[in-house]
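Quick notes on the structure that follows.
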Ligand SMILES: NC(=O)c1ccc[n+]([C@@H]2O[C@H](COP(=O)([O-])OP(=O)(O)OC[C@H]3O[C@@H](n4cnc5c(N)ncnc54)[C@H](O)[C@@H]3O)[C@@H](O)[C@H]2O)c1
Ligand SMILES: NC(=O)c1ccc[n+]([C@@H]2O[C@H](COP(=O)([O-])OP(=O)(O)OC[C@H]3O[C@@H](n4cnc5c(N)ncnc54)[C@H](O)[C@@H]3O)[C@@H](O)[C@H]2O)c1
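Chains as they are written, first to last, in our numbering: chain A, 6 to 563; chain B, 6 to 563.
So this is what it looks like as structure tokens:
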């Protein structure tokens, strides 16, 4: 069996429109979303099957990709395909209310759950890194993270600047698949941003999709652009070509302190995700192969430089936060004992939302028609009439976010709203108001779907950060409820050994059966998030559970 | 919320008969099986909720136990209860073909997946150790392991003694919940056995249930009993009160070499499962609390003594095997570099069975009537007429195994037979031939349900020992297929950090819906085992897949 990771002849684009090439819309959706993850407009390195987040892949090899598509085209509505780290391994009889695809990616028995062992297996063709939405086929381009980043930056402003971002600026690193959302989110929230990336093609990609406003090749040039804008009361973003470790250290040296400091290089993967200081991209690629151990060591040393600079900038008054790439852990590994002195973004800014099951809910129009998304935007406003912040988000998103691949929308809503909104979309499909079914999903970075002690579950009230029963229950329950595909991953976001998480996707095809499934799955899925936080003792979650009538047997007062 | 681990007033016994106390037989089965796991006849320390295998529990606390029972009594046939490390945390809407209970026990994010962190959380009341069948409510007493142990000993004889066990004897340690099956399995296979245990109450328990023939309090006495029996061509078993490390070292000293050497103390849990040399049971219990670190260190030192003795006995010609308690790893941790020189029992003796999906299939008569089991015994013989080894097993089991709690039977069968047999049982329930429904399940130690590189997946052909995508897919698929309850555990058998595994239980209640579910789930479940072994390159598994028509998309020649 040959094993092809890179095929330069490939150009993948999902079908559009209302014509089926498979037995039904559940299966069609899986096929289109897999393909959409590898669309040139969507993926970071589509011909290498890499969607985003370091080496986050959609399929293990091109042979595996072809076979998945082939199986989906013959799959029956009462069968389920099993995908093991991006490879289709079995087809089994289930029933119509069961998921059509079940996925497990990158999972390793804990004692062996590290990058060394993973990379060995990956090299042998036995595994694939699924990241979060790459291997679970619900990545929607940088938009997928824009709102989360925007909500975080708004929350930073509320906590540190009385809500006023005028003249404020943010320093960050990384303009990759997720990181590329930062400049847009920053300017949407009213900040200017300086974003450093070593790879000029990444900056150009963000310019092209209007996520970043300017490119600069020297720090002076970048600072000048930003200072001018700030003086004029405008918010702009600048992508600076350079190494984040160099630039952060240089700012410390020059005694220039941004208002907010964070980072979104792929620090979670020291072998593939972080360019050591002084290396060229070519050297990096070459030495990954010829000297992986040395490469990892060099990357971690540079991360240590960057984290030390971040700590100094924090001391000098910058609101400093880890933005979910595990850079603190990497620096700590090589002796930066105080690396965890600045907080992760979840406990600092996002947890109150998670307590209500609020997280990165998203949907995709299988028709391929942007109008379908605009109609759903309007429907959300109609059904949630009293939330100006959300309306503002939807307006800005429509205005400023270019679609990548199939048109999609992200919208942070919670237990109270998810099933309601989804069922309304299903009605719109049924009535013909939309041209084709809608796919509904979320990030694995969500309220009930992840255990990640350096990120989503950092500093839980009861100390249960590392308990991963929760995401496993989430995946089992979504399977039981009748989601269209369900995934269980390890190592997303923060890398091997540091997280376990699950994904869910469900199709609104306009049928009554879908209506039933949507009302179960999109109640249960955020419900497990409220449950997990209520169990940990958060009052917001307990109140939400009581208000929404969630059945939590051991909640006090029940 | 109070948290009670030990309640000496408790005496649990499941209901018998055909009367329901819950909404249907699926839910009734969960309730009875939970209770049966804590029956005095079944569990090792029922009042502490400990079923077997060190601190393997059925529920997190007595409060959690009571609440689980209460929820099951009100659960609707379209609802699903979530259990997180032995605590009932949520009730969610699903549908009739979905599991009624979903369980996740002892799961930790890999970087934190060790006994130290687990014990901390366990102490805080945030977790529970589920072992394999303890927290997943399908433990059936020592019988559950008798056949596996018997098959292993028979296989040892085939490989080392031309199948002739006459006059041969086995040395082992541990007469606990699982280990207690060893003497019976040994004599069934024609060996004599010397089994060392430090706890006299455990030896007495095995005498009472006829698993062991004699008790001895000195090595001389024990050896004399065995030598006499061997001289007379009889096979007997002796439980020797003593510390395994002392006794193994003493045998080396005296230059006495058994034919087979193994061990089944709870070495996987150095804090609770292995008494250090020179300590009394009371000291052990006291120092677990007052000095956990010192206790673990002392236990590992004694294990090192025992493993060194095992290595010497191996050199002197004994067939030596690790019987799945991770004692080699523990010894290696404290410097016994060659600990892994003797093999684990799975690669050495059991894997060919796993390749065909053959493993510890089991069932329980909810009526409580032994006659129901005898009738199923007869049905198995009728449906598998051409397997004298299996018939012999069933005859011996009926004759020599005392039921513990609800009557149950274990029988190692595979992909070819499981669904067929289960559907026949369902017919017998339907026709009234049996007095009540039958519960069908298996150990987590099975063909497709576990990743455990020091045990079930040791030395896989392709090096995929540590890949745990497989048991996760198994659990998701069993949930999708409509099992009655499904569980995902970590750390069973070999302890924290070393394994991930899943359980499945399904009820044959005589309905057509059950017939459908049984034909799916009991095909799929062993099917994932054949799939996993075929994917790893085992010819026996590939042949089995082809013969049985398993749909494995990337199997060559497909
Ligand atoms: N906070 C969140 O919500 C969230 C969500 C998803 C992912 N993440 C994490 O964010 C990180 C980035 O994700 P992504 O999808 O953008 O990854 P990516 O691999 O697509 O992009 C990483 C970018 O960092 C750049 N880079 C590497 N080393 C650099 C250096 N020394 N200096 C400057 N730039 C450098 C690369 O050129 C690349 O453009 C990952 O660790 C990911 O796991 C966070
Ligand atoms: N091979 C298999 O199929 C299989 C299946 C299940 C469990 N296991 C493993 O086997 C082990 C035993 O399981 P169990 O359910 O019998 O456990 P258990 O905790 O019920 O029994 C362990 C026994 O070992 C005795 N013991 C402890 N230290 C001793 C010492 N130093 N010398 C002599 N005896 C000592 C204890 O008194 C106790 O009776 C566990 O590690 C378990 O994980 C193996």
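All residues carry an ideal CB built from backbone N, CA and C; glycine is no exception.
Reduced DSSP secondary structure (H/G/I, E/B, other) of residue i
i, result
"residue 375/B", "helix"
"residue 447/A", "strand"
"residue 67/A", "helix"
"residue 126/A", "helix"
"residue 29/A", "coil"
"residue 556/B", "strand"
"residue 112/B", "coil"
"residue 61/B", "strand"
"residue 86/B", "strand"
"residue 547/B", "helix"
"residue 117/A", "helix"
"residue 541/A", "coil"
"residue 193/A", "helix"
"residue 21/B", "coil"
"residue 201/B", "strand"
"residue 467/B", "coil"
"residue 338/A", "helix"
"residue 347/B", "coil"
Check: residue i C-beta below 7 angstroms from any heavy atom of ligand 2
i, result
"residue 207/B", "yes"
"residue 366/B", "no"
"residue 446/B", "no"
"residue 135/B", "no"
"residue 270/B", "yes"
"residue 289/A", "no"
Neighbour-count burial assignment, residue i, 16 or more Cβ in a 10 Å radius
i, result
"residue 423/B", "buried"
"residue 496/A", "buried"
"residue 72/A", "buried"
"residue 415/B", "buried"
"residue 288/A", "exposed"
"residue 157/A", "buried"
"residue 175/A", "buried"
"residue 41/A", "buried"
"residue 494/B", "buried"
"residue 436/A", "exposed"
"residue 169/A", "exposed"
"residue 261/A", "exposed"
"residue 333/B", "buried"
"residue 229/A", "exposed"
"residue 322/B", "exposed"
heavy atom of ligand 4 below 7 angstroms from residue i C-beta
i, result
"residue 49/A", "Ligand 4 is not among the ligands present in this structure, which contains only ligand 1 and ligand 2."
Any non-hydrogen atom of ligand 1 within 7 angstroms of residue i CB
i, result
"residue 150/A", "yes"
"residue 273/A", "yes"
"residue 250/A", "yes"
"residue 279/B", "no"
"residue 350/A", "yes"
"residue 459/A", "no"
"residue 330/A", "yes"
"residue 184/A", "yes"
Nearest-angstrom beta carbon gap, residue j and residue i [assumed within contact, 8 angstroms]
i, j, result
"residue 447/A", "residue 498/A", "With a Cβ gap of about 14 angstroms, residue 447/A and residue 498/A do not count as contacting."
- With a floor of 3 residues, list each beta strand (DSSP E) that falls wholly inside the stretch 392 to 437 of chain A, ordered by position along the chain. 413 to 415
- Residue ranges of each beta strand (DSSP E) within the stretch 216 to 271 of chain A, 3 or longer: 219 to 221, 242 to 246
- At 4 residues or longer, and completely inside the stretch 473 to 529 of chain B: list those alpha helix (DSSP H) runs for me, N to C. 474 to 486
- Item | Segments of 3+ residues assigned as beta strand (DSSP E) that fall wholly inside the stretch 121 to 186 of chain B | 174 to 178
- Item | Completely contained alpha helix (DSSP H) runs for the stretch 312 to 336 of chain B, where each covers 4 or more residues | For the stretch 312 to 336 of chain B, not a single whole alpha helix (DSSP H) run of length 4 or above is found.
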